[in-house]
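Engineer: Below is a structure I'd like to ask you about.
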Amino acid sequence: MKKIILAASAIALMSGAAFASSTNGVVAAYNEGARVITLESGQSYTVPRDVAIPALQTGEKVSIQLNGEGDKVNAVLR
Numbered sequence: 005m006k007k008i009i010l011a012a013s014a015i016a017l018m019s020g021a022a023f024a025s026s027t028n029g030v031v032a033a034y035n036e037g038a039r040v041i042t043l044e045s046g047q048s049y050t051v052p053r054d055v056a057i058p059a060l061q062t063g064e065k066v067s068i069q070l071n072g073e074g075d076k077v078n079a080v081l082r
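Take the sequence shown: its position 42, counted from the start at 1, is 46 in my numbering, and no numbers get skipped.
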């Protein structure tokens with residue numbers, strides 16, 4: 005019984021990354037001081053200080069990677 009519980013726990017921990025999400029879009033505005041990226045769709049994302057942001061320009065395509073809950077930006081990719 006312990007082996008089954010241990011195996012189920014390991015699978016649950018490893019599958020956490022599978023639930024991460026991403027949003028793709030075109031940059032409508034970027035407030036560098038506030039670290040807020042606004043996409044043409046109207047969605048805005050505040051990027052934490054510990055996440056690197058590449059040099060962004062209006063009209064550029066980006067991919068914003070979110071955590072499993074969809075409430076924290078993990079990465080910004082061009």
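Ideal Cβ positions, reconstructed from N, Cα and C, are used throughout, including at glycine. A quick note: this is a predicted structure, and the numbers were derived from the prediction, not measured.
Spatial neighbours of Ser48 within its chain, please: C-beta separation below 8 angstroms, excluding the five flanking residues on both sides.
Structural biologist: Here the set comprises Val40, Ile41, Thr42.
Engineer: Does DSSP put Asn35 in a helix, in a strand, or in coil?
Structural biologist: DSSP places Asn35 in strand when its eight states are reduced to three.
Engineer: Going by beta carbon distance, what residues of the same chain come within less than 8 angstroms of Ala24, once the five residues before and after it are set aside?
Structural biologist: Result list for Ala24: Gln69, Leu70, Asn71, Gly72, Asn78, in chain order.
Engineer: Pick from Gln61, Arg82, Val66, Thr27: whose alpha carbon is nearest that of Asn35?
Structural biologist: When each option's Cα is compared against that of Asn35, the closest is Gln61.
Engineer: What separation, rounded to the nearest whole angstrom, lies between the Cα atoms of Gly46 and Arg53?
Structural biologist: Spanning the two alpha carbons is a distance of roughly 22 angstroms.
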